[in-house]
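See below for the structure under consideration.
In the UniProt record's numbering, the protein residues as written are 1 to 323.
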(Lines of atoms letter the chains of each structure in order from A and count residues from 1; the text may use other names and numbers.)
(Lines give C-alpha, C1' and ligand atoms only; values in the text may rest on other atoms or scores of the structure.)
Protein backbone atom coordinates (compact mmCIF):
# COMPACT_ATOMS: atom_id res chain seq x y z
CA UNK A 1 0.00 0.00 0.00
CA UNK A 2 2.94 2.33 0.45
CA UNK A 3 3.80 4.57 3.36
CA UNK A 4 1.00 6.32 5.21
CA UNK A 5 0.45 10.05 4.63
CA UNK A 6 -1.30 12.04 7.36
CA UNK A 7 -3.19 14.92 5.73
CA UNK A 8 -4.15 17.70 8.13
CA UNK A 9 -7.01 20.05 7.23
CA UNK A 10 -7.62 23.02 9.56
CA UNK A 11 -11.26 24.06 9.19
CA UNK A 12 -13.08 27.22 10.20
CA UNK A 13 -16.38 28.37 8.66
CA UNK A 14 -15.76 27.14 5.11
CA UNK A 15 -18.88 25.07 4.52
CA UNK A 16 -19.34 26.43 0.98
CA UNK A 17 -15.93 25.04 -0.10
CA UNK A 18 -15.32 22.14 2.29
CA UNK A 19 -16.95 19.34 0.31
CA UNK A 20 -14.87 20.12 -2.78
CA UNK A 21 -11.74 20.10 -0.63
CA UNK A 22 -12.48 16.78 1.10
CA UNK A 23 -13.63 15.11 -2.13
CA UNK A 24 -10.29 15.96 -3.73
CA UNK A 25 -8.50 14.25 -0.83
CA UNK A 26 -10.54 11.07 -0.47
CA UNK A 27 -10.43 10.49 -4.24
CA UNK A 28 -6.64 10.66 -4.48
CA UNK A 29 -5.03 7.94 -6.59
CA UNK A 30 -2.73 7.30 -3.60
CA UNK A 31 -5.00 5.49 -1.16
CA UNK A 32 -2.94 4.98 2.02
CA UNK A 33 -4.07 8.17 3.72
CA UNK A 34 -4.92 9.26 7.24
CA UNK A 35 -7.17 12.31 6.83
CA UNK A 36 -7.36 14.51 9.92
CA UNK A 37 -10.12 17.12 9.82
CA UNK A 38 -9.67 19.65 12.64
CA UNK A 39 -12.81 21.72 13.06
CA UNK A 40 -11.56 24.83 14.83
CA UNK A 41 -14.81 25.98 16.44
CA UNK A 42 -16.77 26.59 13.23
CA UNK A 43 -20.18 28.20 13.63
CA UNK A 44 -21.49 27.25 10.17
CA UNK A 45 -22.24 23.78 8.76
CA UNK A 46 -18.57 22.71 8.64
CA UNK A 47 -18.97 20.50 11.74
CA UNK A 48 -21.76 18.47 10.16
CA UNK A 49 -19.86 18.11 6.90
CA UNK A 50 -16.84 16.74 8.77
CA UNK A 51 -18.98 14.24 10.67
CA UNK A 52 -20.72 13.11 7.49
CA UNK A 53 -17.44 12.37 5.70
CA UNK A 54 -16.05 10.49 8.73
CA UNK A 55 -19.03 8.12 8.42
CA UNK A 56 -18.49 7.36 4.74
CA UNK A 57 -14.66 7.09 4.78
CA UNK A 58 -12.95 5.28 7.64
CA UNK A 59 -9.61 6.94 6.83
CA UNK A 60 -11.02 10.19 8.21
CA UNK A 61 -10.50 11.31 11.80
CA UNK A 62 -12.43 14.35 13.03
CA UNK A 63 -11.44 16.63 15.89
CA UNK A 64 -13.87 19.30 17.09
CA UNK A 65 -12.10 21.92 19.20
CA UNK A 66 -12.54 25.41 20.56
CA UNK A 67 -11.43 28.10 18.14
CA UNK A 68 -7.73 28.75 18.52
CA UNK A 69 -6.58 29.74 15.04
CA UNK A 70 -5.10 27.88 12.11
CA UNK A 71 -1.76 27.15 13.82
CA UNK A 72 -3.50 25.67 16.85
CA UNK A 73 -5.62 23.48 14.59
CA UNK A 74 -2.62 22.32 12.59
CA UNK A 75 -0.67 21.55 15.77
CA UNK A 76 -3.60 19.45 16.98
CA UNK A 77 -3.39 17.50 13.74
CA UNK A 78 0.37 17.02 14.02
CA UNK A 79 0.00 15.73 17.59
CA UNK A 80 -2.32 12.89 16.57
CA UNK A 81 -0.82 12.08 13.16
CA UNK A 82 0.47 8.52 12.82
CA UNK A 83 1.69 8.63 9.22
CA UNK A 84 5.18 8.32 7.81
CA UNK A 85 4.59 11.62 6.04
CA UNK A 86 2.64 14.77 6.91
CA UNK A 87 0.85 17.11 4.51
CA UNK A 88 -1.45 20.09 4.98
CA UNK A 89 -4.43 21.27 2.94
CA UNK A 90 -6.23 24.59 3.35
CA UNK A 91 -9.94 23.85 3.70
CA UNK A 92 -11.06 26.17 0.88
CA UNK A 93 -8.61 24.70 -1.65
CA UNK A 94 -8.57 21.45 -3.62
CA UNK A 95 -6.03 19.01 -5.04
CA UNK A 96 -5.35 17.38 -8.36
CA UNK A 97 -6.20 13.72 -7.89
CA UNK A 98 -2.65 12.48 -8.53
CA UNK A 99 -0.97 14.94 -6.17
CA UNK A 100 0.13 12.59 -3.40
CA UNK A 101 0.99 9.68 -5.68
CA UNK A 102 3.27 11.97 -7.68
CA UNK A 103 4.80 13.54 -4.57
CA UNK A 104 5.47 10.26 -2.72
CA UNK A 105 6.94 8.56 -5.79
CA UNK A 106 9.37 11.43 -6.29
CA UNK A 107 10.24 11.70 -2.59
CA UNK A 108 11.04 8.01 -2.24
CA UNK A 109 12.77 7.51 -5.56
CA UNK A 110 15.12 10.40 -4.78
CA UNK A 111 15.42 9.78 -1.01
CA UNK A 112 14.27 13.28 -0.09
CA UNK A 113 12.75 14.55 3.16
CA UNK A 114 10.45 17.26 1.78
CA UNK A 115 8.57 17.53 -1.50
CA UNK A 116 7.28 20.75 -3.09
CA UNK A 117 4.93 20.95 -6.06
CA UNK A 118 3.74 23.72 -8.35
CA UNK A 119 0.32 25.23 -7.81
CA UNK A 120 -2.45 27.09 -9.60
CA UNK A 121 -4.29 30.09 -8.22
CA UNK A 122 -8.02 30.33 -8.81
CA UNK A 123 -10.75 32.69 -7.70
CA UNK A 124 -14.09 32.28 -5.95
CA UNK A 125 -15.87 31.82 -9.27
CA UNK A 126 -13.47 28.91 -10.02
CA UNK A 127 -11.72 30.89 -12.76
CA UNK A 128 -8.10 29.77 -12.93
CA UNK A 129 -5.57 32.57 -12.60
CA UNK A 130 -1.80 32.45 -12.72
CA UNK A 131 0.20 29.28 -12.24
CA UNK A 132 3.21 29.29 -9.96
CA UNK A 133 5.64 26.73 -11.27
CA UNK A 134 8.55 26.22 -13.63
CA UNK A 135 7.86 24.41 -16.86
CA UNK A 136 8.91 20.75 -16.79
CA UNK A 137 11.36 21.21 -13.96
CA UNK A 138 12.45 18.84 -11.22
CA UNK A 139 15.13 19.96 -8.79
CA UNK A 140 16.76 18.31 -5.80
CA UNK A 141 18.12 20.86 -3.35
CA UNK A 142 19.81 20.96 0.03
CA UNK A 143 18.42 23.15 2.81
CA UNK A 144 20.43 26.24 1.94
CA UNK A 145 19.48 26.12 -1.72
CA UNK A 146 15.81 25.61 -0.84
CA UNK A 147 15.88 28.64 1.47
CA UNK A 148 17.44 30.74 -1.28
CA UNK A 149 14.61 29.75 -3.63
CA UNK A 150 11.97 30.51 -0.99
CA UNK A 151 13.25 34.05 -0.48
CA UNK A 152 14.09 34.90 -4.10
CA UNK A 153 11.45 33.17 -6.26
CA UNK A 154 7.68 32.80 -6.28
CA UNK A 155 7.46 29.10 -7.17
CA UNK A 156 8.86 27.46 -4.03
CA UNK A 157 7.49 29.76 -1.30
CA UNK A 158 7.08 29.05 2.40
CA UNK A 159 3.55 27.68 2.30
CA UNK A 160 2.75 24.38 4.02
CA UNK A 161 0.02 23.31 1.63
CA UNK A 162 2.07 22.55 -1.50
CA UNK A 163 4.47 20.31 0.38
CA UNK A 164 4.81 16.81 1.80
CA UNK A 165 7.12 16.30 4.78
CA UNK A 166 8.74 13.29 6.35
CA UNK A 167 7.09 13.09 9.78
CA UNK A 168 10.48 13.05 11.53
CA UNK A 169 10.91 16.70 10.53
CA UNK A 170 8.22 17.65 13.06
CA UNK A 171 9.95 16.10 16.05
CA UNK A 172 10.06 18.88 18.68
CA UNK A 173 8.78 21.43 16.14
CA UNK A 174 5.34 23.01 16.10
CA UNK A 175 3.75 26.10 14.59
CA UNK A 176 3.82 29.27 16.68
CA UNK A 177 0.24 29.90 17.72
CA UNK A 178 0.74 33.61 18.37
CA UNK A 179 1.66 34.26 14.71
CA UNK A 180 -1.18 35.07 12.30
CA UNK A 181 1.01 36.01 9.33
CA UNK A 182 3.89 33.95 7.89
CA UNK A 183 3.28 31.12 10.37
CA UNK A 184 3.80 28.71 7.44
CA UNK A 185 7.07 30.33 6.44
CA UNK A 186 8.38 30.29 10.00
CA UNK A 187 7.95 26.53 10.48
CA UNK A 188 9.28 25.73 6.99
CA UNK A 189 12.37 27.80 7.80
CA UNK A 190 12.67 26.05 11.16
CA UNK A 191 12.63 22.70 9.37
CA UNK A 192 15.17 23.92 6.81
CA UNK A 193 17.52 25.15 9.53
CA UNK A 194 18.66 21.52 9.63
CA UNK A 195 20.24 19.82 6.64
CA UNK A 196 17.61 17.98 4.60
CA UNK A 197 17.03 17.19 0.94
CA UNK A 198 14.07 18.75 -0.88
CA UNK A 199 12.64 17.82 -4.26
CA UNK A 200 10.73 20.36 -6.32
CA UNK A 201 8.20 19.00 -8.83
CA UNK A 202 6.95 21.59 -11.27
CA UNK A 203 3.52 20.06 -11.94
CA UNK A 204 0.73 22.30 -10.59
CA UNK A 205 -0.84 19.67 -8.33
CA UNK A 206 -2.40 22.03 -5.77
CA UNK A 207 -5.18 24.54 -6.43
CA UNK A 208 -5.10 27.58 -4.16
CA UNK A 209 -8.23 29.68 -3.77
CA UNK A 210 -7.53 33.40 -3.86
CA UNK A 211 -10.31 34.31 -1.47
CA UNK A 212 -10.72 38.07 -1.61
CA UNK A 213 -12.35 37.94 1.81
CA UNK A 214 -9.36 36.16 3.35
CA UNK A 215 -7.35 37.60 6.25
CA UNK A 216 -4.33 38.61 4.18
CA UNK A 217 -6.58 40.59 1.83
CA UNK A 218 -7.94 42.63 4.71
CA UNK A 219 -5.40 45.41 4.94
CA UNK A 220 -6.32 46.31 8.50
CA UNK A 221 -5.04 42.90 9.57
CA UNK A 222 -1.61 43.54 8.06
CA UNK A 223 -0.61 46.27 10.50
CA UNK A 224 0.01 46.66 14.21
CA UNK A 225 -1.52 49.65 16.01
CA UNK A 226 1.72 51.63 15.57
CA UNK A 227 1.62 51.15 11.77
CA UNK A 228 4.30 48.46 11.69
CA UNK A 229 3.74 45.78 9.10
CA UNK A 230 3.12 42.40 10.78
CA UNK A 231 5.30 40.77 8.15
CA UNK A 232 8.26 42.63 9.64
CA UNK A 233 7.66 41.02 13.03
CA UNK A 234 7.54 37.66 11.27
CA UNK A 235 10.78 38.32 9.40
CA UNK A 236 12.45 39.31 12.67
CA UNK A 237 11.42 35.99 14.21
CA UNK A 238 12.61 34.07 11.17
CA UNK A 239 15.93 35.94 11.27
CA UNK A 240 16.33 34.63 14.80
CA UNK A 241 16.53 31.09 13.39
CA UNK A 242 19.52 32.01 11.22
CA UNK A 243 21.62 34.25 13.47
CA UNK A 244 24.83 32.60 12.24
CA UNK A 245 23.99 32.49 8.53
CA UNK A 246 24.76 35.85 6.96
CA UNK A 247 23.64 34.74 3.49
CA UNK A 248 20.12 33.81 4.60
CA UNK A 249 19.87 36.92 6.79
CA UNK A 250 20.78 38.97 3.72
CA UNK A 251 18.00 37.35 1.67
CA UNK A 252 15.46 37.90 4.46
CA UNK A 253 16.41 41.58 4.55
CA UNK A 254 15.84 41.91 0.81
CA UNK A 255 12.55 40.04 1.08
CA UNK A 256 11.36 42.39 3.83
CA UNK A 257 11.96 45.45 1.63
CA UNK A 258 10.11 43.86 -1.27
CA UNK A 259 7.23 43.00 1.06
CA UNK A 260 6.92 46.66 2.08
CA UNK A 261 6.84 47.66 -1.60
CA UNK A 262 4.18 45.03 -2.36
CA UNK A 263 2.09 46.16 0.61
CA UNK A 264 2.28 49.80 -0.39
CA UNK A 265 1.14 48.84 -3.89
CA UNK A 266 -1.87 47.06 -2.34
CA UNK A 267 -2.65 50.18 -0.31
CA UNK A 268 -2.63 52.33 -3.43
CA UNK A 269 -4.67 49.82 -5.44
CA UNK A 270 -7.33 49.58 -2.74
CA UNK A 271 -7.24 53.31 -1.85
CA UNK A 272 -6.46 52.31 1.71
CA UNK A 273 -5.71 55.14 4.14
CA UNK A 274 -3.49 54.47 7.14
CA UNK A 275 -1.11 57.33 7.93
CA UNK A 276 0.86 55.42 10.55
CA UNK A 277 1.44 52.60 8.07
CA UNK A 278 2.33 55.08 5.36
CA UNK A 279 4.95 56.68 7.61
CA UNK A 280 6.34 53.31 8.69
CA UNK A 281 6.76 52.08 5.11
CA UNK A 282 8.29 55.39 4.10
CA UNK A 283 10.90 55.10 6.85
CA UNK A 284 11.74 51.49 5.95
CA UNK A 285 12.10 52.18 2.25
CA UNK A 286 14.16 55.31 2.89
CA UNK A 287 16.48 53.45 5.22
CA UNK A 288 16.92 50.40 2.99
CA UNK A 289 16.90 52.00 -0.46
CA UNK A 290 20.62 51.91 -1.25
CA UNK A 291 20.97 48.38 0.11
CA UNK A 292 18.05 47.14 -1.98
CA UNK A 293 19.00 48.98 -5.16
CA UNK A 294 22.55 47.62 -5.07
CA UNK A 295 21.58 44.02 -4.33
CA UNK A 296 22.33 41.55 -7.13
CA UNK A 297 19.23 39.40 -6.48
CA UNK A 298 16.81 42.29 -7.10
CA UNK A 299 15.47 42.62 -10.65
CA UNK A 300 15.47 45.90 -12.56
CA UNK A 301 11.67 45.86 -12.36
CA UNK A 302 11.66 45.96 -8.56
CA UNK A 303 14.50 48.47 -8.39
CA UNK A 304 12.48 50.82 -10.58
CA UNK A 305 9.40 50.15 -8.44
CA UNK A 306 11.29 51.20 -5.32
CA UNK A 307 12.47 54.44 -6.95
CA UNK A 308 8.91 55.28 -8.03
CA UNK A 309 7.45 54.41 -4.64
CA UNK A 310 10.09 56.43 -2.81
CA UNK A 311 9.23 59.51 -4.89
CA UNK A 312 5.52 59.01 -4.32
CA UNK A 313 5.93 58.38 -0.59
CA UNK A 314 8.15 61.43 -0.21
CA UNK A 315 5.58 63.64 -1.96
CA UNK A 316 2.76 62.27 0.19
CA UNK A 317 4.68 62.76 3.41
CA UNK A 318 5.63 66.28 2.32
CA UNK A 319 1.94 66.99 1.71
CA UNK A 320 0.91 65.60 5.08
CA UNK A 321 0.58 61.83 4.58
CA UNK A 322 -2.21 59.57 3.48
CA UNK A 323 -2.63 57.27 0.52
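Heads up, the beta-carbon is just placed ideally off N, CA and C, and yes, glycines get one too.
In DSSP terms, what residue 40 is bridged to: What you label residue 40 is simply residue 40 of the chain shown in a count that begins at 1. Checking the DSSP bridge columns, you'll see residue 40 partnered with 65.
Exposure label - residue 72; buried when at least 16 CB within 10 Å: On the chain shown, residue 72 is found 72 positions in, with the first residue counted as 1. Classification for residue 72: buried.
Own chain residues within Cβ distance below 6 angstroms of residue 338, not counting five before or after: Nothing can be reported for residue 338: it is not among the residues displayed for the chain, which extend from 1 to 323.
Pick from 233, 159, 196 that is closest to residue 184, judged by C-alpha positions: To locate residue 184, count along the chain shown from 1; it is residue 184. Taking residue 184 as reference, the option from 233, 159, 196 with the minimal CA-CA separation is 159.
Buried or exposed (CB count within 10 angstroms, at least 16 for buried), residue 1: Locating residue 1 in the chain shown gives position 1, counting from the first residue. Residue 1 should be labelled exposed.
Beta-carbon proximity of residue 5 to residue 25, cut-off 7 angstroms: Your numbering for residue 5 matches position 5 in the chain shown. Your numbering for residue 25 matches position 25 in the chain shown. For the 7 angstroms CB-CB criterion, residue 5 and residue 25 do not form a contact.
Coil, strand or helix - residue 26 by DSSP: Within the chain shown, numbered from 1, the residue matching residue 26 stands at position 26. If DSSP states are grouped into helix, strand and coil, residue 26 belongs with the helices.
Cβ pair residue 281, residue 264 closer than 7 angstroms: Counting from one through the chain shown, the residue named residue 281 turns up at place 281. Counting from one through the chain shown, the residue named residue 264 turns up at place 264. Yes, the Cβ-Cβ distance between residue 281 and residue 264 is below 7 angstroms.
Same chain, Cβ closer than 6 angstroms to residue 350, five either side skipped, listed in chain order: The structure shown does not extend to residue 350, since the chain is modelled only from 1 to 323, so the question has no answer here.
Cα-Cα separation, residue 108 to residue 172: As a first step, residue 108 must be located in the chain shown, where it is residue number 108. As a first step, residue 172 must be located in the chain shown, where it is residue number 172. Take the alpha-carbon of residue 108 and the one of residue 172: they are about 24 angstroms apart.
Residue 90 - DSSP class collapsed to helix/strand/coil: Your numbering for residue 90 matches position 90 in the chain shown. It is a strand residue.
Whole-Å CB distance - residue 39 paired with residue 11, under 8 angstroms assumed: As a position in the chain shown, residue 39 is number 39, starting the count at 1. As a position in the chain shown, residue 11 is number 11, starting the count at 1. Cβ atoms of residue 39 and residue 11 come within 8 angstroms of each other, at about 5 angstroms.
Proximal residues to residue 147 (C-beta, below 6 angstroms), its chain only, five neighbours per side dropped: Indexing the chain shown from 1 puts residue 147 at position 147. So the list reads 192, 248, once near-sequence residues are dropped.
Secondary structure of residue 6, DSSP reduced to three states: The sequence position of residue 6 within the chain shown is 6, counting from 1. Taken through DSSP and simplified to helix, strand or coil, residue 6 comes out as strand.
From 206, 242, 250, residue whose alpha carbon lies closest to that of residue 100: Position 100 of the chain shown, counted from the first residue, corresponds to residue 100. Considering only alpha carbons, the answer is 206.
Coil, strand or helix - residue 116 by DSSP: Here residue 116 corresponds to residue number 116 of the chain shown, with the count starting at 1. Strand at residue 116.
Alpha-carbon to alpha-carbon, residue 286 and residue 303: The residue given as residue 303 occupies position 303 in the chain shown. The residue given as residue 286 occupies position 286 in the chain shown. About 13 angstroms.
DSSP three-state assignment for residue 195, whether helix, strand or coil: For the purposes of this step, residue 195 is taken as the residue at position 195 of the chain shown. In the three-state reduction of the DSSP assignment, residue 195 falls in the coil class.
Simplified DSSP assignment, three categories, for residue 34: For the purposes of this step, residue 34 is taken as residue 34 along the chain shown, with counting starting at 1. Note: residue 34 maps to strand in three-state DSSP.
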